[in-house]
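Read in the UniProt record's numbering, the sequence shown has 58 at position 58, and its numbers run on one by one without any break. See below for the structure under consideration.
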Amino acid sequence: MPQDPNYPKLTAGEHARIAWNVARMCKRSIAGDTVHQGDLEKKVDRIIDRARKRADQNDGKRK
Numbered sequence: 001m002p003q004d005p006n007y008p009k010l011t012a013g014e015h016a017r018i019a020w021n022v023a024r025m026c027k028r029s030i031a032g033d034t035v036h037q038g039d040l041e042k043k044v045d046r047i048i049d050r051a052r053k054r055a056d057q058n059d060g061k062r063k
């Protein structure tokens, strides 16, 4: 399956951190629909942004 170009390749640690934060989001959603999850969503976004930045830097080194 081809990888989505907008979604960078993640390391094992990044996969684990995202899975941990998604599990925390699920736990919070059980508490109710009105529970704020923006902080966890921002954490996941930052992890993905760092992976994108790393991928861009690695692509620049290979060229």
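All C-beta atoms in this analysis are idealised placements derived from N, C-alpha and C, irrespective of residue type, glycine included. Quick caveat: nothing in here was measured; it's all calculated off a predicted structure.
Residue i, DSSP secondary structure in three states
i     : result
Met1  : Because the pLDDT of Met1 is 48, which lies under 50, any placement of that residue in the model is unreliable, and the question is left without a value.
Gln57 : helix
Asp45 : helix
His36 : coil
Alpha-carbon spacing of residue i relative to residue j, whole angstroms
i     : j     : result
Gly60 : Tyr7  : 17 Å
Ile46 : Gly38 : The sequence given here places Arg at residue 46; Ile does not occur at that position. The alpha-carbon atoms of Arg46 and Gly38 are separated by roughly 12 Å.
Glu41 : Lys53 : 18 Å
Asp33 : Val22 : 15 Å
Ser29 : Ala55 : 32 Å
Gln57 : Ala51 : 10 Å
Ala31 : Ile48 : 26 Å
Cβ separation of residue i and residue j, assumed to be a contact under 8 Å, to the nearest whole Å
i     : j     : result
Ile18 : Val44 : 6 Å
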